[in-house]
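For reference, the structure is listed below as structure tokens.
In the numbering used here, the protein residues as written are 848 to 1397.
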């Protein structure tokens, strides 16, 4: 497709003062597609989370549409073949319940010969289950966990399974379960588990005397009084999204909507700390973003907006004795029929005397009404719950996500952020479809709402160096960064296995909506001596394997 004059002109403006990334790329691995398995289901969440069994060279891929996990043979990675499904409804559980029809598979984890599937109840506010299988597909057992189990992972030694129970409210926001983490003592004997092997880590201490750190977002209607300080408010408000078990004794848990993470002691099954991620200042040089889908083109600029990092997937690694969190800063909004924080800047009342907004307006010769025009910040999706003063106006604006990936210490200190680099790379690589959505081929569909939307990240070591592979949910593709030196992380490559010349929903469109990523080390790989990256794509229902060549 020929680049339009408008896009070409806007691209030149967007990249003024920035060196071409083709010249800035660090040395590192190249990704090359090996093979793809397709469910044939479009926009049905038919390929979400993926786990690898190195003993039998199988992939376990969550197909939420089918309430099952599809098992793929990847011994020939160029031709992944489906073997069978792990079907969860009808499985009897240790507490006497049975996994019901209408239950939804949300996550899968594999360790040795054990496969664990996190299963959401038909009514998501009810307690869910974890169903255990062996790698041959035999159901072994099930145990009850908290409401909306959304993610499961084993500790490195396989003795514990950790489950993030998100505890989202119902659509009317009349029922709001507590968020929690289930700590299940598997000890490689899943068939012998009882409900007594399940411990629950909750957040009730912060409904008591323990003070919640500043910057941890607890907001929205309380079911009884609507007032902060109501018993149970914090425990219901915090929603565990993703877990990484750093060791056999500790784990970190992302609380996405709260823009924070929790520290979990696995010996006691207790949350010991909650740490805010902080915010990203889009007025700072290097933190530019394109905030409008109606500004006539690609326009990366500094604006008076704070970006809440709100990561979804993350991974951890050790560097010089420190544990570091590598986060994909997706962003998430609470948007239910009974309560929503979703707003556009043009629909808010802005404080005319805001110490944040006023200097920007004066410097650019704008009024608040000018700022709220569609071509400026009017279309940008922000939170109506954060930045609101007691006078009923907003003196600060907070958008969802960072449009980036970051590296944080375990104390929440920011070590590195990729700034505006994702949008700059996309603008250079494929300007005609800059910030496209994943269900249609368009230009700037998502500039007003989280941009490329980094969803998941996995780390892998190649040739003695550590790399981060970050999936972009909307425009698609994987960003590759060398994070060996976390303070000097460097862009390596961007690969998008999507064909914009084909209509989404047709086979020719290839991969749409990367969701789960798994790195297979060279010693575990179906390609002898060569690492493999696996990406499950939620919208296209495809799972693709990439060679990681150095």
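Ideal Cβ positions, reconstructed from N, Cα and C, are used throughout, including at glycine.
Expressed to the nearest angstrom, what Euclidean distance is found between the alpha-carbon atoms of residue i and residue j?
| i | j | result |
| --- | --- | --- |
| residue 1330 | residue 942 | 45 Å |
| residue 1094 | residue 1006 | 11 Å |
| residue 1352 | residue 897 | 21 Å |
| residue 1049 | residue 1248 | 25 Å |
| residue 1065 | residue 1388 | 35 Å |
| residue 882 | residue 956 | 22 Å |
| residue 933 | residue 945 | 16 Å |
| residue 1252 | residue 990 | 35 Å |
| residue 1292 | residue 1205 | 29 Å |
| residue 1224 | residue 1296 | 11 Å |
| residue 1344 | residue 1114 | 42 Å |
| residue 1328 | residue 1267 | 14 Å |
| residue 1121 | residue 1081 | 12 Å |
| residue 1311 | residue 1342 | 22 Å |
| residue 1024 | residue 1145 | 42 Å |
| residue 978 | residue 984 | 11 Å |
| residue 1147 | residue 1271 | 8 Å |
| residue 1055 | residue 1008 | 28 Å |
| residue 1079 | residue 952 | 28 Å |
| residue 949 | residue 888 | 18 Å |
| residue 857 | residue 1143 | Interpretation of residue 857 is limited by its pLDDT of 47, a score under 50 that renders its predicted location unreliable; the figure taken from the coordinates is listed afterwards. If I take the Cα positions, the gap works out to 8 Å. |
Does the Cβ of residue i lie closer than 7 Å to at least one heavy atom of the ligand HEM?
| i | result |
| --- | --- |
| residue 1221 | As far as ligands go, the structure on display features none, and thus does not contain the ligand HEM. |
So, helix, strand or coil for residue i, using DSSP?
| i | result |
| --- | --- |
| residue 1355 | helix |
| residue 1297 | coil |
| residue 976 | strand |
| residue 842 | Only positions 848 to 1397 of the chain appear in the structure, and residue 842 is not among them; the question remains open. |
| residue 1057 | coil |
| residue 932 | strand |
| residue 872 | coil |
| residue 1273 | helix |
| residue 1024 | coil |
| residue 1366 | strand |
| residue 1081 | helix |
| residue 1280 | helix |
| residue 917 | strand |
| residue 902 | coil |
| residue 1192 | helix |
| residue 1117 | strand |
| residue 1287 | coil |
| residue 911 | helix |
| residue 1038 | helix |
| residue 991 | strand |
| residue 1123 | strand |
| residue 1350 | coil |
| residue 1312 | strand |
| residue 924 | coil |
| residue 1333 | helix |
| residue 967 | strand |
| residue 1268 | helix |
| residue 960 | coil |
| residue 1377 | coil |
| residue 1052 | helix |
| residue 1165 | strand |
| residue 981 | strand |
| residue 848 | Summary for residue 848: the model assigns pLDDT 32, below 50, so the residue's position carries little reliability, and this model does not support an answer. |
Compare the C-beta of residue i against all C-beta atoms of chain D and say whether one is closer than 8 Å.
| i | result |
| --- | --- |
| residue 1049 | This model lacks chain D altogether, as it is built from one protein chain only. |
Cα-Cα, which of the options is closest to residue i?
| i | options | result |
| --- | --- | --- |
| residue 1288 | 1266, 1297 and 1277 | 1277 |
| residue 1162 | 1279, 1234, 1092 and 1110 | 1092 |
| residue 904 | 1304, 893 and 928 | 928 |
| residue 1053 | 1084, 1307 and 1037 | 1084 |
| residue 1263 | 1004, 1127 and 1143 | 1127 |
| residue 987 | 1097, 1125, 1096 and 964 | 964 |
| residue 1240 | 908, 1203 and 884 | 1203 |
| residue 998 | 1361, 1027, 983 and 980 | 1027 |
| residue 1226 | 947, 1194, 975 and 1022 | 1194 |
If we call anything under 8 Å between Cβ atoms a contact, is residue i one with residue j?
| i | j | result |
| --- | --- | --- |
| residue 1313 | residue 1244 | no |
| residue 1294 | residue 1139 | yes |
| residue 872 | residue 1379 | no |
| residue 1169 | residue 1257 | yes |
| residue 1136 | residue 1250 | yes |
| residue 1384 | residue 1322 | no |
| residue 1350 | residue 1319 | no |
| residue 1190 | residue 1230 | yes |
| residue 1208 | residue 1215 | yes |
| residue 1185 | residue 972 | no |
Q | Continuous beta strand (DSSP E) assignments of at least 3 residues falling wholly in the stretch 1196 to 1248 | A | 1228 to 1230 and 1245 to 1247
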